[in-house]
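Below: the structure, in structure tokens.
Numbering (the working numbering), first residue to last: 6 to 359.
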């Protein structure tokens, strides 16, 4: 490949679901005013990326979309009117557009790699200068690529939006996490680092040993226990925080599990309720439900600082070569995966500690 071209994966216009992944060779783009060019080292998949490919994530994707929101790499070129970034900076991507700090707003779009906004499944990516933050110093770029969506969503589920108002977790607090996907595992790790006791409700009991290695206090098989939320409440006295990564179909059990004056952080997109939730029980406990929408750029910076402070090591299931990116999608769709699926670019192994 000439230095004036690059390779990228795009969602093909085959009209099917899932869309075909096509590998293209295109001219190397130049950053414009307020932009940087990122030499992408690695990109990681989230469940939303499967939904984007299957055309069931918000607005339809533009033809030829470059997918994936989560990437890490090196600033390779800086356009005019950019302050704070120089070539060689190690960075990770910022998920949403126009959310620098505070609460979310109405014009953020759907995140990188969806709708009309190209993502980072490419050797290079052009990004606005406010769509990157510094990568953790203590992680390789392959590890850092796992953070922008899943880890930040977990951080926001625990802390809330800036300025942080959520309960400060400590050794006397129980956190219940639903599921074992990327957000769930980062929640387990982050809540544990804050000292909380962490329980996990999962339909994959075979992952118990892996969860125990992460330090969880208990695992509930929600596929076998009809009233698993009540079981968690009885065994823990109620969770101060329930992180529902599953959806509305699990909301009644989350309400049963939450403690008095507790909180349910809601971000599930995969299990929809057929009836209204048990709001009377929620009211009787004085508990609340808070929606979670990934997080702001400032919160991403806070997350990076926490990762370095506590030495968090992301759980990675598999690293796939860039040429085999479709296999990464296949692996992510398998229920036995545990941890993030990462795609490494061609020269990544030579530059991992750049």
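No residue lacks a Cβ here, since even glycine has one placed at the ideal position from N, Cα and C.
| Asked | Found |
| --- | --- |
| So if DSSP puts residue 268 in a beta bridge, which residue, or which two residues, is it bridged to? | 246, 293 |
| Closer than 7 Å: is that where the CB of residue 260 sits relative to any heavy atom of the ligand PLP? | What this structure holds is no ligand at all, so the ligand PLP is not there to describe. |
| Report, in whole angstroms, the separation of the C-beta atoms of residue 204 and residue 234, which I expect to be a contact under 8 Å. | With 8 Å as the limit, residue 204 and residue 234 do not qualify as a contact, their Cβ atoms being about 11 Å apart. |
| Go ahead and label residue 158 buried or exposed: buried means 16 or more other beta carbons lie within 10 angstroms of its beta carbon, across all protein chains shown. | buried |
| Find out if the Cβ-Cβ distance for the pair residue 54, residue 73 is shorter than 8 Å. | yes |
| Just curious, the beta strand (DSSP E) that residue 349 is in, first and last residue? | 345–349 |
| Assuming residue 204 is part of the alpha helix (DSSP H), what are its boundary residues? | First-last for residue 204: 202–207, but that is the beta strand (DSSP E), not the alpha helix (DSSP H). |
| Name the two residues that bound the continuous beta strand (DSSP E) containing residue 129. | 129–133 |
| Which two residues bound the contiguous alpha helix (DSSP H) that contains residue 179? | It is not in any alpha helix (DSSP H) - residue 179 instead sits in the beta strand (DSSP E) that spans 179–183. |
| Taking the beta carbon of residue 91 as the centre, do at least 16 other beta carbons fall within 10 Å, making it buried, or is it exposed? | exposed |
| Within this structure, are the beta carbons of residue 289 and residue 264 separated by less than 8 Å? | no |
| Which same chain residues end up closer than 7 Å to residue 22 when comparing Cβ atoms and leaving out the 5 residues on each side of it in sequence? | 59, 60 |
| According to DSSP, simplified to helix, strand and coil, what is residue 162? | helix |
| Where does residue 102 fall in DSSP's three states? | coil |
| Residue 387 to residue 80, Cα distance in whole Å? | A query on residue 387 cannot be resolved here, the shown segment of the chain reaching from 6 to 359 and no further. |
| Nearest to residue 342 by CA position, among 320, 326, 328, is which residue? | 320 |
| Quick one: Cα of residue 38 to Cα of residue 129, how far? | 17 Å |
| What's the call for residue 6, buried or exposed, on a 16-neighbour Cβ count within 10 Å? | Low confidence applies here, because residue 6 scores a pLDDT of 39, under 50, leaving its location unreliable and the question unanswered by this model. |
| Would you kindly check if the distance between the Cβ of residue 124 and the Cβ of residue 97 is under 8 Å? | no |
| Out of 327, 177, 211, 229, which one is the CA nearest neighbour of residue 244? | 177 |
| State the Cα-Cα distance for the pair residue 255 and residue 247, rounded to the nearest angstrom. | 11 Å |
| Can you look up residue 82 in the DSSP assignment and give me helix, strand or coil? | strand |
| Can you tell which of 152, 68, 148, 41 has the C-alpha that lies nearest to the C-alpha of residue 136? | 41 |
| Pull up the distance between the alpha-carbon of residue 316 and that of residue 302, whole angstroms please. | 21 Å |
| Less than 8 Å between the beta carbons of residue 50 and residue 269, yes or no? | no |
| Judging by CA-CA distance, which residue of 34, 202, 214, 273 is the nearest neighbour of residue 240? | 202 |
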